[in-house]
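Engineer:
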Amino acid sequence: METIKLNNGNEMPILGLGTFRAQGEQSYEAVKHALGIGYRHIDTAVIYANEEEVGRAIADSGVPRDEIFLTTKTWNTAHTKEAASQMLKESLSRLGTDYVDLLLVHWPGSYERNAAVWTALEEAADAGTAKSIGISNFSIHYVDALLASARIKPVINQVECHVELQNTRLHEHLSGLGIALEAYAPFMSQHISDLLANETLKEIASAHGKAVPQIVVRWMIQRGIVVIPKSVKPERIEENFAVFDFELSDEQMLSIRKLNRARRIFPEPDNVDFGFVQF
Ligand SMILES: NC(=O)c1ccc[n+]([C@@H]2O[C@H](COP(=O)([O-])OP(=O)(O)OC[C@H]3O[C@@H](n4cnc5c(N)ncnc54)[C@H](OP(=O)(O)O)[C@@H]3O)[C@@H](O)[C@H]2O)c1
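Using our numbering, read the sequence shown as starting at 175 and increasing by one per residue.
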């Protein structure tokens with residue numbers, strides 16, 4: 175499995191399985207199948223309410239724990255160091271493991287709140303309960319504000335990233351800081367039908383004898399972006415993984431680059447209220 179080297183020296187598989195909206199036994203079966211066919215990277219979060227199933231699938235997979243890269247995220251309701259530490263403790267218990275490979279702050283709040291939560295992640299990194307720590311949904315100004323007080327630099331920023339929201343400026347900014355970019359919703363999530371209908375992608379797919387989702391995953395990998403497509407269907411989990419036997423040309427990369435539409439599917443990070451405001 176191709177990996178990227180994080181700024182703390184740890185290796186992270188460039189392709190993983192997403193588990194948002196994978197519930198109950200569905201998430202158990204998806205993770206078990208993915209590990210069985212060669213995935214070594216699983217992405218979950220407190221808010222996905224499937225950590226217990228993900229943990230059970232890892233335990234039952236027969237793949238040694240130290241060969242699997244497991245990510246979870248503290249939820250928005252943790253605003254203090256103590257709350258975030260407690261949340262990680264509960265995640266580890268549900269996941270049935272002593273450590274996660276990557277712990278992320280799921281969404282940014284105020285600069286002060288982000289800095290406080292980050293100290294809990296730094297302590298987890300010190301203690302080895304999180305081998306690496308990072309952020310998610312942090313726009314450039316949130317990243318820079320966090321770095322002003324952080325003792326440990328985030329290894330990665332997991333953000334919405336797909337052909338219609340390419341985040342090239344954020345990617346360049348992070349690269350300059352030695353922080354990797356991880357693409358969530360690579361298939362535009364519930365709007366995947368728009369992606370599958372895209373004529374440019376369909377043409378490139380047919381030139382390679384591949385499916386459109388495979389072209390998108392390949393495009394991310396060739397840009398050095400970590401990518402975590404979600405599926406609970408065995409044949410799609412396999413399809414999304416069969417991307418290491420072909421390469422997109424410079425010309426094909428450029429024609430995908432031109433598909434950017436600044437189209438956001440998930441909330442814009444400066445306006446996220448869930449977990450922060452009681453309605
Ligand atoms: N940090 C954050 O705030 C955040 C936010 C959103 C997501 N994420 C993470 O990123 C992961 C990926 O994002 P996402 O789940 O929102 O969306 P996604 O991976 O862009 O798309 C998932 C959708 O595509 C379908 N699909 C998957 N492979 C397919 C294929 N080969 N052919 C046709 N359809 C296919 C899935 O359906 P089936 O399952 O039925 O196959 C599902 O409807 C999440 O699961 C989660 O781990 C993080």
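Every residue, glycine too, gets a C-beta built ideally from N, C-alpha and C. Nothing here was measured: the structure is a model prediction, and the numbers come from that model.
1) If you measure between the beta carbons of Ile178 and Val400, is that distance less than 8 Å?
2) Since Ala204 and Ile411 are thought to touch, with beta carbons under 8 Å apart, how far apart are those beta carbons, to the nearest angstrom?
3) If you check the beta carbons only, do Tyr316 and Pro441 fall under 8 Å apart?
4) Suppose you measure from the CA of His382 to the CA of Arg195; what does that come to, to the nearest Å?
5) Where do the ends of the beta strand (DSSP E) carrying Phe243 lie?
6) Beta carbon of Leu278, beta carbon of Gly308: below 8 Å?
7) In chain order, what residues of the same chain lie with their CB nearer than 7 Å to the CB of Val391, ignoring the 5 residues before and after it?
8) Taking only three categories from DSSP, how would you classify Thr374?
9) At a threshold of 7 Å, does Glu199 count as lining ligand 1 (C-beta to nearest heavy atom)?
10) Which term fits Ala301, buried or exposed, when burial requires 16 or more other beta carbons within 10 angstroms of its beta carbon?
11) Can you tell me which of the three DSSP states Gly212 falls into?
12) If you pair each beta-carbon of the segment 224-242 with each one of the segment 277-296, do three or more pairs fall below 8 Å?
13) Measuring straight from C-alpha to C-alpha, what distance separates Trp249 and Arg268?
Structural biologist: In this structure, then:
1) yes
2) 6 Å
3) no
4) 31 Å
5) Phe243 to Thr248
6) yes
7) Leu189, Pro360, Val401, Pro403, Asn414 and Val417
8) helix
9) no
10) exposed
11) coil
12) no
13) 15 Å
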